[in-house]
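Undergrad: My questions all concern the structure below.
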Amino acid sequence: SAAPLKRVDRIQFGLLSPDEIKAMSVAKIEIPELTDESGHRPRIGGLMDPRMGTIDRNTKCQTCGEGMVECSGHFGHIELAKPVYHVGRSSL
């Protein structure tokens, strides 16, 4: 790459809010099946939704259009029936 190298000053980690997760999500996962009826193609809305990236070198990502090597993947989300609390973020 012709981009200049730069030094990282800091890095910060945190948890995303439910609204941030939905805003970044490219796919709402609603069905448990991985593939369509033929068993060969990932299902839209399934756990391997092709909008989240590709795992096949002959297929492009449906979100960014890049190949398997160039696309690092995209967020999907599952809406749960009840809240799940992160034990590391709970004050008991």
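Going by the UniProt record's numbering, the first residue of the sequence shown is number 1, and it counts up by one from there. Positions of the beta carbon are idealized from the N, C-alpha and C atoms, including for glycine.
1) Let me know if residue 27 comes out buried or exposed under the rule of 16 or more other beta-carbons within 10 Å of its beta-carbon.
2) Do you know whose CA, among 77, 61 and 36, lies nearest residue 70's CA?
3) Residues in its own chain within less than 6 Å of residue 89 by CB, not counting five upstream and five downstream?
4) Is the region 28–36 touching the region 72–84 in the sense that three or more CB pairs, one from each, lie closer than 8 Å?
5) Would you call residue 51 buried or exposed, if buried means 16 or more other Cβ atoms sit within 10 Å of its Cβ?
6) Specify, as a first and last residue, the run of the alpha helix (DSSP H) that residue 23 falls within.
7) What's the C-alpha gap between residue 21 and residue 83?
8) Which partner residues does residue 27 have in the DSSP bridge list?
9) Just how far apart, CA to CA, sit residue 23 and residue 74?
10) Check this for me: beta carbons of residue 53 and residue 33, under 8 Å apart or not?
TA: Quick look at the numbers:
1) Taking the sequence shown and counting its residues from 1, one reaches residue 27 at position 27. Around the CB of residue 27, 16 or more other CB atoms lie within 10 Å, so the residue is classed as buried.
2) For this step, residue 70 is matched to residue 70 along the sequence shown. Here the closest residue by C-alpha is 61.
3) As a working mapping, residue 89 is identified with position 89 in the sequence shown. Closer than 6 Å at Cβ, skipping near neighbours: no residue.
4) With three or more CB-CB distances shorter than 8 Å, the region 72–84 counts as touching the region 28–36.
5) Within the sequence shown, residue 51 is the residue found at index 51, counting from 1. With 16 or more other Cβ atoms inside 10 Å of its own Cβ, residue 51 counts as buried.
6) Stepping through the sequence shown from its first residue, residue 23 is reached at position 23. That run of the alpha helix (DSSP H) goes 18–24.
7) As a first step, residue 21 must be located in the sequence shown, where it is residue number 21. As a first step, residue 83 must be located in the sequence shown, where it is residue number 83. Those two C-alpha atoms are separated by around 14 Å.
8) Stepping through the sequence shown from its first residue, residue 27 is reached at position 27. Partner(s): 76.
9) The residue labelled residue 23 in the question sits at position 23 within the sequence shown. The residue labelled residue 74 in the question sits at position 74 within the sequence shown. Residue 23 and residue 74: Cα-Cα distance of roughly 12 Å.
10) Against the sequence shown, residue 53 aligns to sequence position 53. Against the sequence shown, residue 33 aligns to sequence position 33. No. Outside cutoff.
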